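>
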Amino acid sequence: MLYIHGLGHFHPENVLDNAFLESLDIGTTDEWIVSRVGIENRRTVLPLDYIRDTKNSDLRAVREAQLYTVAETGAHAARMAIERAGIAIADVGMVIGGTSAPDNCIPAEGQAIAKELGLEVPAFDLQSACSTFGLHMHMVDGMGESAPDYVLSVVPENITRVTDYSDRSTAVLFGDAAVAAVISTKHPARAKISSTTFGTSPAGCMDVLIKRNGYFTQQGSRVQKFAIKKMTELYRERRAQVGDELIYLGHQANLTMLRSVAKRCEVTTERHWFNIDQFGNQAAAGAPAVLSQRWDDVADGERIAMVVVGSGLSWSSLQIDF
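Residues in the sequence shown are numbered from 123 upward in steps of one, following our numbering.
1) Quick one: is Ala230 buried, meaning 16 or more other Cβ sit within 10 Å of its Cβ, or exposed?
2) Compare the Cα-Cα distances from Phe296 to each of Thr254, Ser414 and Ala375 and report the closest residue.
3) Alpha carbon to alpha carbon, what distance is there between Tyr172 and Lys314?
4) Using the three-state DSSP reduction, which class does Thr390 fall into: helix, strand or coil?
5) Do you know how far the Cα of Tyr370 is from the Cα of Ile126?
6) For Ser445, which option in Leu356, Thr307, Gly365 and Leu138 has the closest C-alpha, if you only look at C-alpha atoms?
7) I'd like to confirm the pairing. Which residues does DSSP put opposite Ile218 in its beta bridges?
8) Could you give the C-beta distance for Leu170 and Phe142, rounded to a whole number, given that I count them as a contact under 8 Å?
9) Cutting at 8 Å between CB atoms, please list the residues of its own chain near Glu194, excluding the five before and the five after it.
10) For the beta strand (DSSP E) containing Ile332, name the first residue and the last one.
11) So for Asn376, helix, strand or coil by DSSP?
12) How is the alpha helix (DSSP H) around Ile426 delimited, first residue to last?
13) Label Asn446 either buried or exposed according to how many other C-beta atoms from any shown protein chain fall within 10 Å of its C-beta, with 16 as the threshold for buried.
14) Under the rule that 16 or more other beta-carbon atoms within 10 Å means buried, what is Asp247, buried or exposed?
15) Beta strand (DSSP E) containing Asn163: first to last residue?
16) Flag this pair as touching only if the stretch 213 to 223 and the stretch 274 to 287 have three or more C-beta atom pairs under 8 Å; answer yes or no.
17) Whose C-alpha, out of Leu440, Ala212 and Gly365, is nearest the C-alpha of Met428?
18) Hey, how far is the Cα of Asp175 from the Cα of His198?
19) Please classify Asn403: does DSSP put it in a helix, a strand, or coil?
20) Per DSSP, His131 is paired with what?
21) Compute the distance between the beta-carbons of Asp263 and Lys308, then report whether it is under 7 Å.
22) Going by DSSP, which residues form a beta bridge with Val137?
23) Can you tell me whether DSSP reads Ile228 as helix, strand or coil?
24) Helix, strand or coil: how does DSSP classify Gln188 here?
25) Does the Cβ of Lys352 have 16 or more other Cβ atoms within 10 Å, making it buried, or fewer, making it exposed?
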């Protein structure tokens, strides 16, 4: 059994609303964006003037332009998670990082985050694109009693740094976010992860891609069909095991896609949790950030199915019981 002692999230202060994207003159409008992906706002670590003036045309300039490093956004989320867990930073015995767009090839972002927090503990990265948070939970659960008392999982996703703002098909999607969790296989907590799965289909690994020093690209139609099919399958598997409807918390990639899965699985509106409309596609940070935003309000007895797909092609599912 794996327990979540605290979740934390961070969204940078700069807001990318649809009016701003429309002002870039890239052939998009608020109506077009909302009808296609259901997103109204997003957050970015980049200055708005930088995006307006350059459309992020030279990725070499991002490092100087960004307001936060990947490690800094991760550390912000980590501090919230640690405070909610009611432990001291020194109680953390391991840091696992994971991001789709790291600042550096080496060192691992987990190590950079540990340095930000002043921790001298084993730190490393486990990354599988948007399925990274579920991968972390699956792997630590498998460690059992060999895991430290408290493990810190941190998933910072600053994807606007690798977004081409001259391409309307991707410019409208992404928002930056970081999420963190204090987890334990030894110490019980109110939230427990009673089931985890993780899998991949490497035949499709090039369908969602960020090349080194390149932009995010994807085979959109093919990936969306895969995502709808796989998330539907994962949610139905979780529901079949418990014999009752769970809260549906899916990959925050596209509101139209999320609602398609909800319809197929007959999930009622109030049992479908999302934040993509106000924060955009936050890659691996999206689904857990939704839960972190509701952390203090989740009722006892709730059961949540967090089902996510990502590049790889990868997928993960978690059943989280309160």
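Here a beta-carbon is modelled for each residue, glycine too, at the ideal position from N, C-alpha and C.
Note that the coordinates shown come from a computational prediction; the quantities given were computed from them, not determined experimentally.
Based on what the coordinates show:
1) Result: buried.
2) Ala375
3) 43 Å
4) coil
5) 18 Å
6) The requested residue 445 is not part of the displayed model; the chain covers only 123 to 444.
7) Phe246 and Ser275
8) 7 Å
9) Glu238
10) For Ile332, the uninterrupted beta strand (DSSP E) segment begins and ends at Val330 to Ile332.
11) Of the three classes helix, strand and coil, the one that applies to Asn376 here is coil, per DSSP.
12) First-last for Ile426: Arg425 to Gly432, but that is the beta strand (DSSP E), not the alpha helix (DSSP H).
13) In the structure displayed, the chain extends from 123 to 444; residue 446 sits before or after that span and is not available.
14) buried
15) Asn163 to Thr166
16) yes
17) Leu440
18) 28 Å
19) strand
20) Val301.
21) no
22) Arg165
23) coil
24) coil
25) buried
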